[in-house]
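Visitor: Structure below; questions to follow.
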Amino acid sequence: MTPEQMGQLHLATRNKVRAWSAQEYYTLINDPMATLFARENGFALGRVVQDEAELLMIIVQPNQQSRGFGRAYLSEFEVECRKRGAKNCLLEVAANNEAAKSLYYSSGYEKTGIRKSYYHLDNNQRLDALILNKILV
Ligand SMILES: CC(C)(COP(=O)(O)OP(=O)(O)OC[C@H]1O[C@@H](n2cnc3c(N)ncnc32)[C@H](O)[C@@H]1OP(=O)(O)O)[C@@H](O)C(=O)NCCC(=O)NCCS
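Under this note's numbering, the residue at position 33 of the sequence shown is numbered 34, and the numbers go up by one with no gaps.
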């Protein structure tokens, strides 16, 4: 999947939070610490720094959602992070993103904190981010 396709997918699935551009995806995936699992209908992108992984974004194409792809891509991402030495994985999720929260909680992630008013929405409102963590080893 190209950075352009990743940016388009992000745009198509965003919920009032700015989508990352193709240029931003290009920079992220070319970081030596990047970990990317990508297929035609979605991707899981993050990075591993020493023994800590961070999931930056996971997206499944809208007409392919709720068919198990998201869970599979998250799992493949974690496998790759473990191979690269990660012992835990952190992520941020918008407090109102019920599908993503459900995926993460049912995959073993636990809430460790809140970033108040972290996301800026189109309508000038703010939204909290939940910080979740999973022990990988
Ligand atoms: C979050 C996302 C990646 C999940 O991918 P998916 O392929 O739809 O998920 P799966 O089919 O693998 O389902 C995994 C779990 O997610 C949850 N889930 C998926 N769709 C859901 C929905 N519409 N409502 C509530 N929970 C949902 C369920 O817990 C599900 O487990 P179950 O099937 O055992 O009930 C997908 O919804 C998406 O791309 N959303 C837009 C981008 C986004 O918000 N990414 C997260 C950024 S933090």
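Think of the CB as a built atom: it goes at the ideal place given N, C-alpha and C, for glycine as much as any other residue.
What are the start and end residues of the alpha helix (DSSP H) that includes S107?
Guide: In the sequence shown, residue 107 corresponds to position 106, counting from 1. S107 -> alpha helix (DSSP H) spans 99–107.
Visitor: State yes or no: is the C-beta of Q66 nearer than 7 Å to some heavy atom of ligand 1?
Guide: Against the sequence shown, residue 66 aligns to sequence position 65. Yes, the Cβ of Q66 comes within 7 Å of a heavy atom of ligand 1.
Visitor: Please determine whether the Cβ atom of L104 lies at a distance below 7 Å from any heavy atom of ligand 1.
Guide: Here residue 104 is taken as the residue at index 103 of the sequence shown, counted from 1. Yes - ligand 1 has a heavy atom lying nearer than 7 Å to the Cβ of L104.
Visitor: Would you list the residues sitting across from K135 in a DSSP beta bridge?
Guide: Taking the sequence shown and counting its residues from 1, the one referred to as residue 135 is at position 134. DSSP output for K135 lists C90 as bridge partner(s).
Visitor: Assuming A45 contacts L75 under a Cβ cut-off of 8 Å, what Cβ separation, rounded to an integer in Å, is found between them?
Guide: Taking the sequence shown and counting its residues from 1, the one referred to as residue 45 is at position 44. Taking the sequence shown and counting its residues from 1, the one referred to as residue 75 is at position 74. About 6 Å; that satisfies the 8 Å criterion.
Visitor: Give a single yes or no on whether A101 has its beta carbon closer than 7 Å to a heavy atom of ligand 1.
Guide: For the purposes of this step, residue 101 is identified with residue 100 of the sequence shown, where counting begins at 1. Yes, ligand 1 has a heavy atom inside 7 Å of this Cβ.
Visitor: Grab me the residues of A20's own chain with a C-beta within less than 7 Å of its C-beta, minus the 5 sequence neighbours each way, in chain order.
Guide: For this step, residue 20 is matched to residue 19 along the sequence shown. Correct list, in chain order: G8, H11, L12.
Visitor: Taking 8 Å as the threshold, find out whether the region 80–97 comes into contact with the region 126–134 through three or more Cβ pairs.
Guide: The region 80–97 is in contact with the region 126–134.
Visitor: Rounding to the nearest angstrom, what Cα-Cα distance links A101 and R68 in this structure?
Guide: Locating residue 101 in the sequence shown gives position 100, where the first residue counts as 1. Locating residue 68 in the sequence shown gives position 67, where the first residue counts as 1. For A101 and R68, the distance between alpha carbons rounds to 14 Å.
Visitor: Is the distance from the Cβ of L56 to the Cβ of G43 below 8 Å?
Guide: Reading the sequence shown from its first residue, position 55 is the one you call residue 56. Reading the sequence shown from its first residue, position 42 is the one you call residue 43. For L56 and G43, no; Cβs fall outside 8 Å.
Visitor: I'd like the list of long-range same chain contacts for C82, defined as Cβ closer than 8 Å, with 5 residues on each side in sequence excluded.
Guide: Here residue 82 is taken as the residue at index 81 of the sequence shown, counted from 1. Correct list, in chain order: T36, G47, V49, A54, C90, L137.
Visitor: So who's on the other strand from D55, going by DSSP bridges?
Guide: Reading the sequence shown from its first residue, position 54 is the one you call residue 55. For the sequence presented, residue 55 should be read as Glu rather than Asp. DSSP, once it has assigned bridges, lists R48, L91 as partnering E55.
Visitor: Could you give the DSSP three-state label for Y110: helix, strand or coil?
Guide: Numbered from its first residue, the sequence shown carries residue 110 at position 109. Three-state DSSP puts Y110 in coil, outside helix and strand.
Visitor: Assign R127 to one of three DSSP states: helix, strand, or coil.
Guide: Here residue 127 is taken as the residue at index 126 of the sequence shown, counted from 1. Of the three classes helix, strand and coil, the one that applies to R127 here is strand, per DSSP.
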